[in-house]
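Asker: Taking our numbering, the leading residue of the sequence shown gets 101, the next gets one more, and so forth.
Each residue gets a CB set at the ideal place from its N, CA and C atoms; glycine is no exception.
All values derive from a computational prediction rather than experimental measurement.
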Amino acid sequence: MTVPFWCLGVVAVLPLLLALVGDGFRKANLGSIDNADPRGQAERLEGAGARAYAAQANAWEALPTFAVAVFVAHLAGADASQSALASLGFVAARVAHGAVYVAGLSTLRSLVYFVGLGCCVWLFVLAARA
């Protein structure tokens, strides 16, 4: 299995990890985890807890773009080492994105978001050049 596919697996797990972070905030800030109405309970969170759930949603939203970019690059026969670098860059950007989102660093969050988006564009450019 190639590095980009391993990276895709990591990126697929990131929203689940952010959900666990959000669960920690639900327990700490609201006293319990309401499994019968998790979204309703999450809507009552403020601050870092609310941002953790927003980061989770954003991580789910970023996953399809990256998945398509990885598959297009792979199917086009894009340069493997460059595809690996772009994919690792995306993973690093998405990990940073979750951390700075929860921390409330909005300018840095936007910056790392665009770094990740740039890595997806890079994969498409590699596919086009293949």
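Give me the Cα-Cα distance between Pro115 and Arg229, rounded to the nearest whole angstrom.
Answerer: Answer to the nearest angstrom: the Cα atoms are 32 Å apart.
Asker: Could you compute how far the alpha carbon of Cys107 sits from the alpha carbon of Ser187?
Answerer: Their Cα atoms are separated by approximately 6 Å.
Asker: Apart from the five residues on each side of it in sequence, which residues of its chain come closer than 7 Å, Cβ to Cβ, to Asn129?
Answerer: Cβ within range, chain order: Leu145 and Gly149.
Asker: Can the beta-carbon of Gly122 be found closer than 9 Å to that of Ala162?
Answerer: Not in contact: Gly122 and Ala162 (Cβ atoms no closer than 9 Å).
Asker: Hey, would you say Ala155 sits closer than 9 Å to Val111, going by beta carbons?
Answerer: Not in contact: Ala155 and Val111 (Cβ atoms no closer than 9 Å).
Asker: Ignoring anything shorter than 3 residues, give me the beta strand (DSSP E) runs that lie fully in the region 200-229, in order along the chain.
Answerer: Counting whole runs of 3 or more residues, the region 200-229 contains no beta strand (DSSP E) stretch at all.
Asker: From Leu117 to Ala184, what does the alpha carbon distance come to, in whole angstroms?
Answerer: So the two alpha carbons sit approximately 23 Å from each other.
Asker: Buried or exposed for Arg139, please, with buried defined as at least 16 other CB atoms from any protein chain shown within 10 angstroms of its CB.
Answerer: That one is exposed.
Asker: Whole angstroms is fine: what's the gap from Val200's alpha carbon to Tyr213's?
Answerer: C-alpha separation (whole angstroms): 10 Å.
Asker: Just confirm the distance between the C-beta atoms of Pro87 and Val195, as a whole number of angstroms; I'd bet it's less than 8 Å.
Answerer: No answer is possible for residue 87: the residues shown for the chain start at 101 and end at 230.
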